[in-house]
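Just remember that our numbering sits 54 ahead of the position in the sequence shown, which is counted from 1.
Heads up, the thing below is written out as structure tokens.
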Amino acid sequence: MACSTPASRIEDQKSVYSSYPPEVQQTIAAGKVAVGFTPEQALIALGAPRRKYSRKTEGETEEIWSYSEKRGPAFGFGIGGGSFGSGVGGGVSVSTFGSDADEKLRVVFVNGKVSAVEESVK
């Protein structure tokens, strides 16, 4: 589901989606999440996060889902030479930007509910 949209995810989860209150359905259909959403609702609205991690604070553990700008892979090429005898080398690399991608959104969960939505400001 790499190119999924809120509409395609709603279609895939039609029975679950129809059980939500109208205001939750509207938010999901807009591709957004709100405080109080469950992980299931966030997945339908936003799709799978690029990265998940946890953060421990004094009284609780938060689960953070990170969403990044969608960019294609980057390609790099290189050629090298050697000084002992005759040596030539080459290489190709592919990067999917890993954790260096432009993070656009973080969804923070505490006790199985969205407690905060953090959006990058440009």
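C-beta atoms are modelled at their ideal positions from N, C-alpha and C, and glycine is treated no differently.
All of these numbers come straight from a predicted model, not from anything done at the bench.
Per DSSP, Thr115 lies in no alpha helix (DSSP H); the unbroken beta strand (DSSP E) holding it starts and ends at Thr115 to Ser122. About 4 angstroms separates the beta carbons of Gly85 and Pro60, which is inside the 8 angstroms limit, making them a contact pair. For Glu172, there is no enclosing alpha helix (DSSP H); the enclosing beta strand (DSSP E) covers residues Lys167 to Glu173. Burial of Gln95 is indicated by the presence of at least 16 other C-beta atoms within 10 angstroms of its C-beta. Ile118 places its beta carbon 7 angstroms or farther from that of Ile98.
Residue burial is scored here from C-beta neighbours: Arg109 has fewer than 16 other C-beta atoms within 10 angstroms and is therefore classed as exposed. Cβ contact annotation for Thr92 (same chain, cutoff 7 angstroms, sequence separation greater than five): Gly166 and Lys167, in chain order. Just measuring C-alpha positions, the residue of Gly101, Ser62 and Thr111 sitting nearest Val161 is Gly101.
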